[in-house]
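Below is one structure; the comments refer to it alone.
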Amino acid sequence: MASVVVAASAVRDLNRLIAVLSLPENSKERVVRTLRVLERFPLIGGQLGGRWERFRFLLGPWRWMIIVYSFDAENDSVAVVA
2 MASVVVAASA VRDLNRLIAV LSLPENSKER VVRTLRVLER FPLIGGQLGG RWERFRFLLG
62 PWRWMIIVYS FDAENDSVAV VA
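Letter by letter, the sequence shown follows residues 2 to 83 in our numbering.
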């Protein structure tokens, strides 16, 4: 199973969204549940293109939330960046 690491910038982004959009109190737990799938299926998300080609994306607990991550197969790890 891949390890999933969330960058500090992604945590700040989520905290800002929670505050600005008045998201529910369990928003962080919802995002964590969404990220758990990456442990078993790190390539599940669609691949981005252009300057973002080394990244993939996954829709979050809401259809408008896009989670951007990269998968390092050599280290079997996922880095959530935004």
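Each residue gets a CB set at the ideal place from its N, CA and C atoms; glycine is no exception.
query: What span of residues does the alpha helix (DSSP H) with S23 cover, start to end?; result: S23 -> no alpha helix (DSSP H), and no H or E assigned at all.
query: Look at the alpha carbon of S23 and the alpha carbon of R31, and state the distance between them as a whole number of angstroms.; result: 15 Å
query: Am I right that L49 and F72 are in contact with their C-beta atoms under 8 Å? What's the rounded C-beta distance?; result: Not a contact, Cβ separation roughly 12 Å.
query: Below 7 Å CB to CB, which residues in the same chain sit around A11 once its five sequence neighbours on both sides are set aside?; result: V81, V82, A83
query: Is V82 near the ligand ATP, in the sense that its beta carbon is under 7 Å from a heavy atom of that ligand?; result: The model on display carries no ligand, and the ligand ATP is accordingly not part of it.
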